[in-house]
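Those protein sequences? They're chains A and B, same order as listed.
Position in the first sequence (from 1) plus 796 gives the number in the working numbering.
Position in the second sequence (from 1) plus 22 gives the number in the working numbering.
From the three backbone atoms N, C-alpha and C, an ideal C-beta is built for every residue, glycine too.
Owing to the predicted nature of the structure, the values given are computational and were not obtained by experimental measurement.
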Amino acid sequence: MKRRTFLKCLGTSAAAATAAGVVFPTAVGAQSKSDIGACRSIKVTVLSETSWFNNDVFKKDITDGGGASTNQYTVPWNRENSGGYSALIEVEALDGSRRKFLMDTGWNNDWMDYVFQRHGIDKMLASGEIDTLLLSHWHLDHYWGIESTLKHNPKIKIIAPNTHYPEDLQLLKGAEFKVAGAKNTVPHQGELLLVDDKTIHAVVPGLAIKQFDVPILLRVRGENVIYANIQGKGIVTITGCCHPGLLTLYNFAKRNIVGGDQTYGCYGGLHLSLFENWDPKFDDIIKGAQSFKPEKMGCNHCTGWAWAEKAAQSGLPIVKGTDTYKSYPKISSVARGSNVFLTNGDTVIF
Amino acid sequence: MNETKSNHLLGFALLLGTFALGWGVWHVFFAPNGILKLYTPMYGFALIAAYFLIVVVMTDVFGLRNEAGKPARALLLTLVSFLGLFVLFYGFFWNFLGRFGVTYFSPHAIVAAGGTGAEFYNARENSSLAIVYLAASFLWIIPAWRAGVGEELWHECGRAKAGIANFFGIAFFAGLAYLILFHPHVTSLFYPAQTFAGVPPWWEGVAMTASAYFNLGWLLTAVFLLLLVESAWEGRPASLLPKDGMWTILSPSLMLAGSAVAGYLLFLGMEAVMNLFWEEPFLGGSYVDAPYFRHLHVAEMSGFFIMGLVIWRVFFRNAPGQLPPMARWVVRTLAVIAIGLLLRWFYYSEGIGTAFLDRVPGLAQPDDTPLAWTLMMLSLMLVYDRFFNAYLLREKTR
Ligand SMILES: [Fe+2]
Ligand SMILES: [Fe+2]
């Protein structure tokens, strides 16, 4: 008997024997699948994926600040080292019309101002061409640069996970956290749509948001994941850090989204070897990913160059980036010639 | 109210006191937003595991206890255990073994070796994981050895000599267990994997992960079963094994093999129960979908059950004392399981345990394991039980 079959049999008999239902929460069950519609294509422009430029400095800040679960608002972060994570998402509908969304707003305001100006995001925000900010999660490198967005349009609609802490909302309303170096002087005046982890939130046909309420680094919890359904191709996940885990996201789509059994690709940070270290579980993900047969994997940020290189060597379809990032005023200390990252200034079309 | 009942009430009060003390210790030393913030997580976890091991070695291997309950001896033993932690952790691992033998036991040696990702924080987390694994190996061998050898081996030489002799026997098997069960995980923590120093994880096929949490899972389950036998079942069936002649080595070997098999079966059972709630894990899944988390969670559950066992023995005098043997064993086993499940509920409950321990709410966080808190509480309870002879509680029963 195979181990899995054996486990299943054991499980069935244990079901009768156990009364531990109160102790283990039930997983999202097998409800009927959600239809998120479809779009023709999606283009992602990497505005900035360099949340910090020197890993060692960032890691030292975490160490000195109390380790993985410490509160990000109490750590005296090195201001010179901060950059930010942000991407422009352009959705082409089935009728050919296009809509633009801003995903995440970075960390360091000076850096984000430069990035937004370089890509014309400032004007798109001011003109209303971009009217919605999709905040993936409340991590400093995705959120603390909020002023750079709000100063061009304080009324912008924000869709974010409902797993915020009081400090997060204070910053949104205008506040300064001196020790941590987080500041926003432009209070948000628009709609704030907080997504819970129960429902799949439709944005436009072919684009939906699902929140995964998982505990993550630096006391943060919960991440909004963008699911895109590309007509004839399949599901693409677009993530900030992908804290819930890429294959868990694919698996969720399989179980819960119409057409979810066809995986097409991914874009974003994948939260793997973010400190260019290794762990056997990264190998698990390389091996496990192959069974989902993705066709286009664009990754950067907390994916880690080490993981992306090993994944590419193992035959996963990692989309190569260009050297455009070198024309930015700062570059990451871990960037390598292998170009396995879609990095600053690169684009990918799904 | 009869004497037993009032003693249980006192025991319960002292247990609450231990929780309060645990809260204090956790917040001073470990909590992420506390004072020293050592729970990074692996660094604090390793310190706790090493300390727990020292207390277990002192009391279970060298028999350094304080049955007379003398305050001076209690303080001395506690002091020795703390000194032992410093010597073992920073002296032996960081500055001796790590510098002159196995790089990964010392963060300084890892950083000195250079290469990608070799900075202090990460290096310290990695060396800490190795220390946790080594401690786990000892924590399995010690009760198996004790159950197999009993007081038989070298006991005529006196406590110190017998302790030393037993320690070397234990260390031999623990070292071997570590090398086979855990070392291949630690050598995979580097990029590229150190395949000339350790084989690629050989358990991958059956475990659905390259992580040695698989071995940690069944190993701690085995520890739980060994302690259950010793404490709740009054040594049965281990005490039935002959101890003389060739049995001196056969019995502990049988205990090791037997506990591994029994531990593995219980491990499979616990994973089957998890499958009911979270569906099947799959290769490369994360959080509750991750096979390595399921394995780790078995270890964590075993930690809760071991804590239940110790709570029942120390604070509730391993009740009931009067019933026939079989009934006693059943009642104790049920009590231990109930306390273990209660502790699990406490740890993950958002309002209570999560706030109490300064955790991020939620399950399966890669940077959190209840084992750290469990082992810290177990250390406090063992120190109270064996160094302080269950002060207030045991005195009153005499
Ligand atoms: Fe990030
Ligand atoms: Fe993040």
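According to DSSP, C835 of chain A sits in a beta bridge with which residue or residues?
According to DSSP, which records beta bridges pairwise, C835 of chain A is partnered with A:I1026.
Using a Cβ cut-off of 8 Å (strictly closer), state whether N237 of chain B contacts chain A.
No, N237 of chain B does not count as interfacial toward chain A.
Secondary structure at D1009 of chain A, three-state DSSP: helix, strand or coil?
Looking at D1009 of chain A - three-state DSSP - the assignment turns out to be strand.
Contact test: H1039 of chain A Cβ vs ligand 2 heavy atom, cutoff 7 Å
Result yes, Cβ under 7 Å from ligand 2.
Roughly how many whole angstroms lie between the Cα atoms of A166 of chain B and R87 of chain B?
Annotation: A166 of chain B to R87 of chain B spans about 20 Å, alpha carbon to alpha carbon.
Restricting to Cα atoms, I'd like to know which of B:W45, B:Y286 and B:F189 is closest to L402 of chain B.
For the residues B:W45, B:Y286 and B:F189, the minimum Cα distance to L402 of chain B belongs to B:W45.
Tell me, please, whether the region 871–885 of chain A touches the region 902–912 of chain A by the rule of three or more beta-carbon pairs shorter than 8 Å.
In short, these stretches touch, since the Cβ pair count reaches three.
If the cut-off is 9 Å on Cβ atoms, which residues from the region 843–859 of chain A count as contacting chain B, listed in chain order?
If the cut-off is 9 Å between Cβ atoms, the region 843–859 of chain A has N851, D852, K855, K856, I858 and T859 near chain B.
Using a beta-carbon distance below 8 Å, is S233 of chain B in contact with chain A?
Taking Cβ atoms only, chain A reaches closer than 8 Å to S233 of chain B, which makes this a yes.
Closest Cα partner of S844 of chain A within the set A:W934, A:I1127 and A:E1072:
The option with the nearest alpha carbon to S844 of chain A is A:I1127.
Three-state secondary structure (DSSP) at S830 of chain A?
Shown here, S830 of chain A sits in a strand according to DSSP, grouped into three states.
Is H997 of chain A helix, strand or coil when you go by DSSP?
Of the three classes helix, strand and coil, the one that applies to H997 of chain A here is strand, per DSSP.
According to the neighbour-count rule (16 or more other Cβ atoms, all chains shown, within 10 Å of its Cβ), is P223 of chain B buried or exposed?
So P223 of chain B ends up on the buried side.
Contained alpha helix (DSSP H) runs [length at least 4] in the region 895–942 of chain A, N- to C-terminal order:
Listed in chain order, the complete alpha helix (DSSP H) runs (minimum 4 residues) inside the region 895–942 of chain A are 905–914, 917–923 and 936–939.
Alpha carbon to alpha carbon, what distance is there between I1005 of chain A and I1031 of chain A?
Note on geometry: alpha-carbon atoms of I1031 of chain A and I1005 of chain A lie some 13 Å from one another.
Is there a Cβ of chain A sitting closer than 8 Å to that of F142 of chain B, yes or no?
Taking Cβ atoms only, chain A reaches closer than 8 Å to F142 of chain B, which makes this a yes.
Nearest to A883 of chain A (by Cα), restricted to the options A:Y869, A:P872, A:R875 and A:L898:
Considering only alpha carbons, the answer is A:L898.
Please report the straight-line C-alpha distance between F1071 of chain A and T231 of chain B, rounded to a whole angstrom.
F1071 of chain A and T231 of chain B: Cα-Cα distance of roughly 21 Å.
Complete runs of the alpha helix (DSSP H) confined to the region 1030–1080 of chain A [at least 4 residues]:
Secondary structure remark: continuous alpha helix (DSSP H) runs of at least 4 residues inside the region 1030–1080 of chain A, in chain order: 1042–1052.
For I192 of chain B and R354 of chain B, what's the separation of their Cα atoms in angstroms?
Distance from the CA atom of I192 of chain B to the CA atom of R354 of chain B, rounded to whole angstroms, is 29 Å.
Nearest residue (CA-CA) to T981 of chain A, options A:E943, A:H997, A:F1078 and A:K1050
Out of A:E943, A:H997, A:F1078 and A:K1050, A:E943 has the C-alpha closest to the C-alpha of T981 of chain A.
Skipping 5 residues on each side, what residues in its chain have a beta carbon closer than 7 Å to that of P821 of chain A?
In this predicted model, P821 of chain A has a pLDDT of only 42, less than 50, meaning its place in the structure is not dependable; the value taken from the coordinates is given anyway. Nothing meets the Cβ criterion.
If I measure Cβ to Cβ from A386 of chain B and keep anything under 6 Å in the same chain, skipping five residues before and after, which residues do I get?
Contacts found: Y309, V310 and F315.
Going straight from the alpha carbon of P54 of chain B to that of D380 of chain B, what length do you get?
Their backbone Cα atoms lie some 7 Å apart in a straight line.
Give a single yes or no on whether H935 of chain A has its beta carbon closer than 7 Å to a heavy atom of ligand 2.
H935 of chain A Cβ: within cutoff of ligand 2.
Would you list, in sequence order, the uninterrupted alpha helix (DSSP H) runs of no fewer than 4 residues that lie entirely inside the region 240–322 of chain B?
Counting whole runs of 4 or more residues, the region 240–322 of chain B contains the alpha helix (DSSP H) stretches 269–300.
Could you tell me which residues DSSP pairs with S944 of chain A in its beta bridges?
Partner(s): none; S944 of chain A has no beta bridge.
Sheet register partners of F973 of chain A (DSSP bridge)
Partner(s): A:A978.
What does the alpha-carbon distance come out to for the pair R181 of chain B and T81 of chain B?
Going from the Cα of R181 of chain B to the Cα of T81 of chain B covers about 11 Å.
Status (buried if at least 16 other CB within 10 Å, exposed otherwise) for V358 of chain B:
V358 of chain B is classed as buried because its beta carbon has at least 16 other beta carbons within 10 Å across all chains shown.
With 9 Å as the C-beta to C-beta threshold (strictly closer), list the residues of the region 367–384 of chain B near chain A in chain order.
Taking a C-beta cut-off of 9 Å against chain A, the contacting residues of the region 367–384 of chain B are W367, Y370, D380, R381, V382, P383 and G384, listed in chain order.
Among A:D831, A:H935, A:G977 and A:C1062, which has the Cα closest to the Cα of H960 of chain A?
Taking only the C-alpha atoms, the option nearest H960 of chain A is A:H935.
Buried or exposed (CB count within 10 angstroms, at least 16 for buried), F104 of chain B
For F104 of chain B, the number of other beta carbons within 10 angstroms of its own is below 16, and it is reported as exposed.
Would a check of beta-carbon distances place A1102 of chain A closer than 8 Å to chain B?
For A1102 of chain A, at least one C-beta of chain B is nearer than 8 Å to its own C-beta.
So with CB distances below 9 Å, who are the chain B contacts of W1074 of chain A?
Around W1074 of chain A, the beta-carbon contacts reaching into chain B at under 9 Å are T138, G139, S210, L211, F212, Y213, P214 and A215.
Comparing alpha-carbon positions, which option in B:E256, B:L249, B:G257 and B:P206 lies nearest Y235 of chain B?
Comparing Cα-Cα distances from Y235 of chain B to each of B:E256, B:L249, B:G257 and B:P206, the minimum goes to B:P206.
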